[in-house]
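Protein chains in written order, with the numbering used here: chain F, 163 to 422; chain U, 3 to 231. Cβ coordinates follow ideal geometry from the N, Cα and C atoms, glycine included. Because the structure is a prediction, the values reported are computed rather than measured. Encoded as structure tokens, the structure appears first; notes follow it.
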Amino acid sequence: MPPTTIHVRPTGVPDETTPAVETHDLARLFRRSPALAGVTLRVEAGHAVAVLGPNGAGKTTLLRILATALRPSFGTAAVDGIDVAERPEEIRPRVAFLPHATGLYDDLTAAENLRFAAQLMGLPGPDRAGRVDAALERVGLTGDRDTRVTAFSAGMRRRLALGRLLLGHPRLVLLDEPYAALDAPGMALVDELLDEWRTAGACVLVATHADERLAARVDGWLRLVDGLMVEVGGEGASGDVMTGAALQPWSGALPEASRP
Amino acid sequence: MNAVARHLAVARAIAAKDLRAELRGRQAVTSTLFLAALTLLIFGFALGPDHARLAAAGPGLLWLAVILSGVLAVGRLHQLEMEDGAFELLALYPIPRAAIYLGKALGGLAAMLALGALVLPLTVILYALDVVSSLPGLVLVIGLGALGFAAIGTLYAGLTVRLRAREVLLPLLLLPVVAPLLLAAVSATASLLAGDPFGELSAWLQLLIGYDLAMLLAGGLTYGLALEE
Numbered sequence: 163m164p165p166t167t168i169h170v171r172p173t174g175v176p177d178e179t180t181p182a183v184e185t186h187d188l189a190r191l192f193r194r195s196p197a198l199a200g201v202t203l204r205v206e207a208g209h210a211v212a213v214l215g216p217n218g219a220g221k222t223t224l225l226r227i228l229a230t231a232l233r234p235s236f237g238t239a240a241v242d243g244i245d246v247a248e249r250p251e252e253i254r255p256r257v258a259f260l261p262h263a264t265g266l267y268d269d270l271t272a273a274e275n276l277r278f279a280a281q282l283m284g285l286p287g288p289d290r291a292g293r294v295d296a297a298l299e300r301v302g303l304t305g306d307r308d309t310r311v312t313a314f315s316a317g318m319r320r321r322l323a324l325g326r327l328l329l330g331h332p333r334l335v336l337l338d339e340p341y342a343a344l345d346a347p348g349m350a351l352v353d354e355l356l357d358e359w360r361t362a363g364a365c366v367l368v369a370t371h372a373d374e375r376l377a378a379r380v381d382g383w384l385r386l387v388d389g390l391m392v393e394v395g396g397e398g399a400s401g402d403v404m405t406g407a408a409l410q411p412w413s414g415a416l417p418e419a420s421r422p
Numbered sequence: 003m004n005a006v007a008r009h010l011a012v013a014r015a016i017a018a019k020d021l022r023a024e025l026r027g028r029q030a031v032t033s034t035l036f037l038a039a040l041t042l043l044i045f046g047f048a049l050g051p052d053h054a055r056l057a058a059a060g061p062g063l064l065w066l067a068v069i070l071s072g073v074l075a076v077g078r079l080h081q082l083e084m085e086d087g088a089f090e091l092l093a094l095y096p097i098p099r100a101a102i103y104l105g106k107a108l109g110g111l112a113a114m115l116a117l118g119a120l121v122l123p124l125t126v127i128l129y130a131l132d133v134v135s136s137l138p139g140l141v142l143v144i145g146l147g148a149l150g151f152a153a154i155g156t157l158y159a160g161l162t163v164r165l166r167a168r169e170v171l172l173p174l175l176l177l178p179v180v181a182p183l184l185l186a187a188v189s190a191t192a193s194l195l196a197g198d199p200f201g202e203l204s205a206w207l208q209l210l211i212g213y214d215l216a217m218l219l220a221g222g223l224t225y226g227l228a229l230e231e
């Protein structure tokens, strides 16, 4: 049976004025150290936004909070107007998250990994096989569908993890270093998918060090340094840029034991 | 699909995935089964060749072997999730926490039943137990004991899997909590093998059933904590 075509169509579209992502003074502490230190941000649906910054800037922490993998220590974050801390179960069906670790099971084949993901996403049985086949074809792994992931290279694992994102219809796509370990065709695949998600009306946040590659492919960008948003620009992204002067009052609002 | 059917479908998918992955990574299965067999052998050597002594110790050693190797088995089912960050992703699927717990516990139950299927005949051979007349009852006791251990073991394995010292902490935390199960299972097994002379078998079985239900309830309600960071 030929694989079905994948349409990256978002579901559960909210009111047009509701931003895809909205955060207010969002902070996350690990022990006493702030990984994210008060980010106020708004990203509109249908836009791709690069999340830039050096290692340890808070890019991954921001993505993990929006994916509901982490709870904020302070402040709020909302996806499609839904608070991530209060109603995470309503956000999860809307979000597709590509973390740095691929989350694949080594002893399962490529197809079994995607089939398992499709089952947990609640795809009905008749659609499941077709979508798994289509996703494998889209990421160029049809020939390796029955190979165990333990035999995959890092780039193939990345491709398979991207294929998992194609099983659903996300409203928000969160990509953490999507170009990592990929060869040139793999990087081009990420670019294509990014365009497809955006065209379908989804919001895409891409945390990356590949600033130059992404510059021509995103609508907006924000830059984090030491957990603070120091720059935001382009289309679709806006927010409060923290300067040295602005940092003082926020830091003073932290409980004494938690101050950096 | 209603909520109960969805819970069960998710649980079945998780359990099937765990068992498939575990059976393919044969090393872990082999070492768990080997530990169970080794436990029985070593205690057999320690007790000496006295048949009456071996037969008296049989029920206790059967359960000791099941539980010690069971700690490895339930721990392993969670370590699978940690190999490439899969546990975090598992928590992000739009599925109820209780269904994830149920799936993990089902996988644990299958592993425990496999252990029981190995340990029982080995104990019969090494400890000269006469099980012919009590075999159906023994199967029931092993099933109830395996369910209770899988229920609580899954919860504790989930709670400790992100910790650096998980291999040490899991048995340290889990073994005291399974003491009532061990007591009930050993007593029920001994009572069955002796033909239930004091009529206490039903009380031990009731304790096992109560333990199983309590642990399943506790696991279903609190396993979500294991998935939060």
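Any chain U beta carbon closer than 8 Å to residue i
i, result
"E358(F)", "no"
"L232(F)", "yes"
"R254(F)", "yes"
"M163(F)", "At M163(F) the pLDDT is 45, less than 50, meaning the model places this residue with poor confidence; the figure from the coordinates comes in the next sentence. No, M163(F) does not count as interfacial toward chain U."
"T223(F)", "no"
"T309(F)", "no"
"A182(F)", "no"
"E251(F)", "yes"
"P340(F)", "no"
"A229(F)", "yes"
"L270(F)", "yes"
"T264(F)", "yes"
"M318(F)", "no"
"L282(F)", "yes"
"F259(F)", "yes"
"F278(F)", "yes"
Rounded Cβ spacing between residue i and residue j (contact assumed at less than 8 Å)
i, j, result
"L367(F)", "V246(F)", "Going by Cβ atoms, the distance from L367(F) to V246(F) rounds to 13 Å, so no, they are not a contact pair."
"V238(U)", "V121(U)", "Residue 238(U) is absent from the model: chain U starts at 3 and stops at 231."
"A440(F)", "L188(F)", "Here chain F has residues from 163 to 422 only, and residue 440(F) is not among them."
"Q351(F)", "V301(F)", "Reading off the sequence shown, one finds Leu at residue 351(F), where the question assumed Gln. With 8 Å as the limit, L351(F) and V301(F) qualify as a contact, their Cβ atoms being about 7 Å apart."
"G208(F)", "A258(F)", "Incorrect: roughly 15 Å between the Cβ atoms, too far for contact."
Per-residue DSSP class, three states only, for residue i
i, result
"S235(F)", "coil"
"F314(F)", "coil"
"D269(F)", "coil"
"E397(F)", "coil"
"D357(F)", "helix"
"E339(F)", "coil"
"D295(F)", "helix"
"A369(F)", "strand"
"L303(F)", "coil"
"A408(F)", "Because A408(F) carries a pLDDT of 49, less than 50, the predicted location of this residue cannot be relied on, and the following value inherits that uncertainty. Reduced to three states, the DSSP call for A408(F) is helix."
"D245(F)", "strand"
Limits of the alpha helix (DSSP H) - the one that residue i falls within
i, result
"F89(U)", "88-94"
"G197(U)", "Element bounds for G197(U): n/a, residue is neither H nor E."
"L70(U)", "53-84"
"A23(U)", "5-26"
"L328(F)", "Taken as a continuous stretch (DSSP letters only), L328(F) belongs to no alpha helix (DSSP H), as it is neither H nor E."
"V126(U)", "99-128"
"L225(F)", "221-228"
"E230(U)", "Run containing E230(U): none; DSSP gives neither H nor E here."
"P286(F)", "Per DSSP, P286(F) belongs to no alpha helix (DSSP H) and is neither H nor E."
First and last residue of the uninterrupted beta strand (DSSP E) at residue i
i, result
"P261(F)", "No beta strand (DSSP E) holds P261(F); DSSP gives it neither H nor E."
"P196(F)", "195-205"
"E184(F)", "183-192"
"R385(F)", "382-387"
"L223(U)", "Note, L223(U): premise wrong, no beta strand (DSSP E); alpha helix (DSSP H) at 203-224."
"L214(F)", "210-214"
Beta carbon proximity, residue i to chain F, threshold 8 Å
i, result
"G87(U)", "yes"
"Y225(U)", "no"
"R8(U)", "yes"
"A216(U)", "no"
"R78(U)", "no"
"Y103(U)", "no"
"K19(U)", "yes"
"G27(U)", "yes"
"L82(U)", "yes"
"V12(U)", "yes"
"A117(U)", "In the sequence under discussion, the amino acid at residue 117(U) is Leu, which differs from the Ala named in the question. Judged by the 8 Å Cβ criterion, L117(U) is not in contact with chain F."
"I97(U)", "yes"
"E169(U)", "no"
"L183(U)", "no"
"E202(U)", "no"
Sheet register partners of residue i (DSSP bridge)
i, result
"S135(U)", "According to DSSP, S135(U) bridges with nothing at all."
"R168(U)", "R168(U) pairs with nothing; no bridge assigned."
"M391(F)", "L386(F)"
"D402(F)", "T202(F)"
Check: residue i C-beta below 7 Å from any heavy atom of the ligand FMN
i, result
"G110(U)", "In terms of ligand content, the structure shown is empty, and the ligand FMN therefore cannot be addressed."
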